[in-house]
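Please read the structure below before turning to the comments.
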């Protein structure tokens with residue numbers, strides 16, 4: 001597969017706070033609080049607490065001005081809903097301070113230029129742009145000019161649309177992570193299309209993460225195994241709460257289990273070198289076989305198949321030399337049930 005964007009300057013390791021993202025680096029796990037605070041700052045702080053308790057690396061919200069996001073005339077119901085969940089500048093400053101004081105990275109998705117500038121004033125260490133803005137080139141360029149890592153969701157998109165977005169970024173920013181995503185809430189498993197993750201890495205030549213909207217977290221675990229360097233998953237305090245994203249979110253207990261599972265998967269990757277591990281050595285002695293005398297073999301006997309067998313444990317001549325042993329003479333008498341060793345043979 002040929003790369004569509006030929007740019008050798010895309011960063012292959014990206015730093016966010018103390019975290020380094022890239023190949024063979026720990027997965028950066030984002031608890032997407034989004035608008036699951038339902039417009040209430042106290043619930044937003046509880047989401048920060050839940051993300052921290054789950055050992056997420058970052059907690060992320062959504063920053064927007066409703067009138068800059070939705071036409072009140074063309075989509076009045078959507079306008080009303082989003083306005084209900086809108087937080088103001090002071091709320092986000094408070095959330096930033098609260099997150100910082102508790103030792104978790106705070107960020108948010110800006111949906112307009114003014115919101116992006118607010119987040120810059122709050123010194124967010126990275127930006128995330130939603131799938132709905134993949135063609136919003138003015139916002140993409142404005143965000144890219146902040147010279148901070150930008151995660152770009154790619155739901156509802158084609159390779160051509162992704163290419164166009166990346167071309168707009170090229171002059172301004174080289175710390176870009178594409179987020180594979182299916183923009184369905186929830187996403188069915190047969191709609192997750194996780195094989196796009198390694199394909200996107202090859203096609204575009206940059207880091208790829210996964211924004212998961214499936215129920216549960218199996219897809220996130222699979223994405224990690226396919227090379228995703230970031231996992232973003234919605235977090236809710238309770239799946240039964242009213243709101244657009246609660247159903248496709250994980251509650252605090254499930255989110256914590258997902259984080260733990262991802263860390264275990266990372267440990268399981270190991271290296272690409274196949275070798276006998278120290279703890280395998282004892283198992284090898286028990287499970288591997290050796291050539292063993294099945295009855296007493298007198299001195300000078302020409303060994304044939306009736307004299308020996310391949311049995312556990314490991315300790316004598318390895319079975320791969322079975323045919324080499326056949327036809328040799330016994331140098332000494334060999335007792336039944338004994339390992340056959342080379343020093344016993346002529």
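In full-length UniProt numbering, the protein residues as written are 1 to 346.
Note that the Cβ used here is the ideal one computed from N, Cα and C, for glycine as well.
Note that the structure is a prediction, hence the values are computed from the model and not measured.
Can you grab the Cα-Cα spacing for the pair residue i / residue j, in whole Å?
{"i": "residue 108", "j": "residue 42", "result": "17 angstroms"}
{"i": "residue 235", "j": "residue 252", "result": "7 angstroms"}
{"i": "residue 263", "j": "residue 54", "result": "12 angstroms"}
{"i": "residue 56", "j": "residue 181", "result": "19 angstroms"}
{"i": "residue 155", "j": "residue 220", "result": "16 angstroms"}
{"i": "residue 216", "j": "residue 254", "result": "8 angstroms"}
{"i": "residue 179", "j": "residue 321", "result": "53 angstroms"}
{"i": "residue 184", "j": "residue 98", "result": "31 angstroms"}
{"i": "residue 302", "j": "residue 294", "result": "14 angstroms"}
{"i": "residue 9", "j": "residue 16", "result": "18 angstroms"}
{"i": "residue 250", "j": "residue 258", "result": "9 angstroms"}
{"i": "residue 48", "j": "residue 106", "result": "9 angstroms"}
{"i": "residue 336", "j": "residue 23", "result": "55 angstroms"}
{"i": "residue 292", "j": "residue 280", "result": "23 angstroms"}
{"i": "residue 312", "j": "residue 340", "result": "13 angstroms"}
{"i": "residue 240", "j": "residue 286", "result": "53 angstroms"}
{"i": "residue 165", "j": "residue 283", "result": "54 angstroms"}
{"i": "residue 50", "j": "residue 310", "result": "57 angstroms"}
{"i": "residue 197", "j": "residue 203", "result": "10 angstroms"}
{"i": "residue 151", "j": "residue 46", "result": "25 angstroms"}
Quick check on residue i: does DSSP put it in helix, strand or coil?
{"i": "residue 210", "result": "strand"}
{"i": "residue 43", "result": "helix"}
{"i": "residue 252", "result": "helix"}
{"i": "residue 246", "result": "coil"}
{"i": "residue 232", "result": "strand"}
{"i": "residue 273", "result": "coil"}
{"i": "residue 26", "result": "coil"}
{"i": "residue 129", "result": "strand"}
{"i": "residue 278", "result": "coil"}
{"i": "residue 31", "result": "strand"}
{"i": "residue 37", "result": "coil"}
{"i": "residue 287", "result": "helix"}
{"i": "residue 50", "result": "helix"}
Got a sec? Which residues, its chain only, sit under 6 angstroms from residue i by beta carbon, not counting five neighbours each side?
{"i": "residue 30", "result": "58, 60 and 232"}
{"i": "residue 21", "result": "14, 28 and 229"}
{"i": "residue 146", "result": "120"}
{"i": "residue 207", "result": "177 and 229"}
{"i": "residue 157", "result": "134"}
What do you reckon, is the C-beta of residue i under 7 angstroms from a heavy atom of the ligand SAH?
{"i": "residue 92", "result": "The ligand SAH is not part of the structure shown, which contains no ligands of any sort."}
Keeping to the same chain, check which residues put their C-beta closer than 8 angstroms to that of residue i; ignore five residues upstream and five downstream.
{"i": "residue 331", "result": "299, 343, 344, 345 and 346"}
{"i": "residue 44", "result": "33, 37, 61, 87, 91 and 95"}
{"i": "residue 186", "result": "213, 214, 215, 247 and 248"}
{"i": "residue 102", "result": "48, 49 and 52"}
Can you give me the Cβ contacts of residue i inside the same chain, cut-off strictly under 7 angstroms, excluding the 5 residues immediately before and after it?
{"i": "residue 66", "result": "79, 82, 83 and 86"}
{"i": "residue 224", "result": "27, 231, 262 and 265"}
{"i": "residue 243", "result": "35, 36 and 38"}
{"i": "residue 169", "result": "140, 144 and 176"}
{"i": "residue 70", "result": "78, 79 and 82"}
Under 8 angstroms, Cβ to Cβ, is there at least one residue of chain D near residue i?
{"i": "residue 141", "result": "Chain labels in this structure do not include chain D; a single protein chain is all it has."}
Whether or not the segment 120 to 134 and the segment 70 to 81 are in contact is what I'm after, with contact meaning three or more pairs of Cβ atoms, one per stretch, closer than 8 angstroms; do they touch? no
Give, in chain order, every unbroken run of the alpha helix (DSSP H) that is at least 4 residues long and sits entirely within the segment 64 to 105. 66 to 69, 76 to 85 and 89 to 101
Output the residue ranges of the beta strand (DSSP E) runs that lie fully inside the segment 150 to 187 and measure 3 residues or longer, sorted by chain position. 150 to 153 and 176 to 181
Uninterrupted beta strand (DSSP E) stretches inside the UniProt domain "AFP-like" (290 to 346) (no shorter than 3 residues): You should have 290 to 293 and 308 to 311.
Should the segment 137 to 155 be regarded as contacting the segment 92 to 106, the criterion being three or more beta carbon pairs within less than 8 angstroms? no
Should the segment 288 to 304 be regarded as contacting the segment 259 to 279, the criterion being three or more beta carbon pairs within less than 8 angstroms? no
Does the segment 235 to 244 come close enough to the segment 276 to 292 that 3 or more CB-CB pairs lie under 8 angstroms? Too few Cβ pairs lie closer than 8 angstroms, so no.
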